[in-house]
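Here the sequence shown is numbered in our numbering, starting from 4 and rising by one per residue.
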Amino acid sequence: MADRRTQVAGSSLLGVFARCTESLVLVPPEASERSVEMLSAGLDVEPVVTVIGSSSVLGSLICANSEGFVVTRYATDDEIRVLEEHGRVARLPGKITAAGNVILANDNAALVHPGLSDIACEIISETLGVVVRRGTIGGLKTVGMTAVVTNKGILAHPRISADEIKVLEDLFGLPVDVGTVNFGSPLVGSGLLANSRGYMAGLETTGPELGRIEDALGFLE
Numbered sequence: 004m005a006d007r008r009t010q011v012a013g014s015s016l017l018g019v020f021a022r023c024t025e026s027l028v029l030v031p032p033e034a035s036e037r038s039v040e041m042l043s044a045g046l047d048v049e050p051v052v053t054v055i056g057s058s059s060v061l062g063s064l065i066c067a068n069s070e071g072f073v074v075t076r077y078a079t080d081d082e083i084r085v086l087e088e089h090g091r092v093a094r095l096p097g098k099i100t101a102a103g104n105v106i107l108a109n110d111n112a113a114l115v116h117p118g119l120s121d122i123a124c125e126i127i128s129e130t131l132g133v134v135v136r137r138g139t140i141g142g143l144k145t146v147g148m149t150a151v152v153t154n155k156g157i158l159a160h161p162r163i164s165a166d167e168i169k170v171l172e173d174l175f176g177l178p179v180d181v182g183t184v185n186f187g188s189p190l191v192g193s194g195l196l197a198n199s200r201g202y203m204a205g206l207e208t209t210g211p212e213l214g215r216i217e218d219a220l221g222f223l224e
C-alpha cells in the first residue's frame with residue numbers, strides 16, 4: 004500500500020477517533036468513505052461504523068483486542084450489542100472511563116493506568132483474556148495514548164524510562180522502540196493505528212516517523 008497516512012473525521016488523531024484489532028477497525032459515522040477504505044486496506048481488516056457513549060472518539064473510549072472490548076461505562080446497551088457481534092464486551096467500572104486512553108493491550112497482555120481498581124483490572128483481564136499490570140509510560144498514566152502495541156512490537160513515547168521499558172518487555176515479551184507521530188507528537192497512541200497486518204498513521208506524520216513505526220512494529224523486510 005503506497006500511502007500509510009490519512010485522517011478520520013477530519014483529524015489526524017487516528018487513535019482518538021478509531022480503534023483496531025487483528026480483524027476489524029471501529030470508525031465513527033463522520034469518517035469519509037475514502038478514509039474508511041484506506042484504514043480497512045492498510046490494516047487488512049473489516050470496518051465497523053459505530054459510536055460509543057454517543058461519542059465519536061472511539062479510540063479514547065474503547066480498548067480492544069482479538070477477544071473483546073473494554074468500553075466506557077457510558078456505553079449504551081445498543082452500542083454494546085454492536086460490539087458483541089465481534090467479541091466479549093465489558094464496561095470499565097469506576098471514575099476513570101476513557102478505556103482506550105488508560106489501557107494498552109494486545110492479544111496477550113495489558114498495561115493499565117495505575118489508578119484503576121482491582122475490580123477494573125479483573126474485568127480487563129477476563130474480557131480481553133490477558134495478563135494485566137499497572138504502570139506508566141514516560142511518567143504518564145494515560146498509557147493507551149503514550150504507546151502502541153501489536154502482537155509483534157511496541158512503539159512508545161520518547162521519554163519512556165529504562166525501568167518502564169523493562170516493564171513493557173517483561174509484560175508483553177516484545178521489543179520496545181520509541182518514536183513520534185504527526186510531525187513530532189510524542190503521544191504515539193493518539194496518531195497511529197496498528198496490528199500485526201499493517202498500520203495507518205495521521206496525515207501529518209513524516210517519512211522518518213513512518214520509518215521508525217515500521218521498524219518498531221516489525222514491518223521492515
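A virtual CB, placed ideally from N, CA and C, is assigned to each residue, including glycine.
Less than 6 Å between C-beta atoms, sequence neighbours within five positions excluded: which residues of the same chain meet that for residue i?
{"i": "Val11", "result": "Leu17, Phe20, Ala21, Ala34 and Ser38"}
{"i": "Val146", "result": "Leu107, Leu114 and Ile140"}
{"i": "Arg162", "result": "Gly141"}
{"i": "Glu207", "result": "Ser15, Asn185 and Phe186"}
Going by beta carbon distance, what residues of the same chain come within less than 8 Å of residue i, once the five residues before and after it are set aside?
{"i": "Glu49", "result": "Ser26, Leu27, Val28 and Ser43"}
{"i": "Ser120", "result": "Pro96 and Gly97"}
{"i": "Val170", "result": "Leu114, Arg136 and Gly138"}
{"i": "Gly221", "result": "Thr153, Lys155, Gly156 and Ser199"}
Please list, in chain order, all residues of the same chain as residue i whose beta carbon is under 7 Å from its beta carbon, the five residues on each side excluded.
{"i": "Gly90", "result": "Glu70, Gly71 and Phe72"}
{"i": "Ser193", "result": "Leu16, Gly18, Val19 and Met148"}
{"i": "Val179", "result": "Ile157, Ala159, Ile168, Leu171 and Glu172"}
May I ask which residues mark the beginning and end of the beta strand (DSSP E) holding residue i?
{"i": "Glu36", "result": "It is not in any beta strand (DSSP E) - Glu36 instead sits in the alpha helix (DSSP H) that spans Glu36 to Leu46."}
{"i": "Phe20", "result": "Per DSSP, Phe20 belongs to no beta strand (DSSP E); it is in the alpha helix (DSSP H), Leu17 to Phe20."}
{"i": "Arg91", "result": "Arg91 to Arg94"}
{"i": "Leu131", "result": "Careful: Leu131 lies outside any beta strand (DSSP E), inside the alpha helix (DSSP H) at Asp121 to Leu131."}
{"i": "Leu196", "result": "Leu195 to Ala197"}
{"i": "Asp180", "result": "Val179 to Val181"}
Going by the beta-carbon positions, is the gap between residue i and residue j smaller than 7 Å?
{"i": "Gly214", "j": "Val184", "result": "no"}
{"i": "Ala108", "j": "Val133", "result": "yes"}
{"i": "Ala9", "j": "Met203", "result": "The residue you asked about is not Ala; residue 9 is Thr in the sequence shown. In contact: Thr9 and Met203 (Cβ atoms closer than 7 Å)."}
{"i": "Gly156", "j": "Ala219", "result": "yes"}
{"i": "Ser128", "j": "Ala101", "result": "no"}
{"i": "Val30", "j": "Val54", "result": "no"}
{"i": "Val151", "j": "Ala93", "result": "no"}
{"i": "Asn68", "j": "Asp110", "result": "yes"}
Exposed or buried, which one is residue i when buried takes at least 16 other CB atoms within 10 Å?
{"i": "Glu40", "result": "exposed"}
{"i": "Thr139", "result": "buried"}
{"i": "Thr79", "result": "exposed"}
{"i": "Leu177", "result": "buried"}
Please look up how many angstroms separate the CB atoms of residue i and residue j, rounded, as I've assumed it's under 8 Å.
{"i": "Ile106", "j": "Cys66", "result": "4 Å"}
{"i": "His160", "j": "Leu190", "result": "7 Å"}
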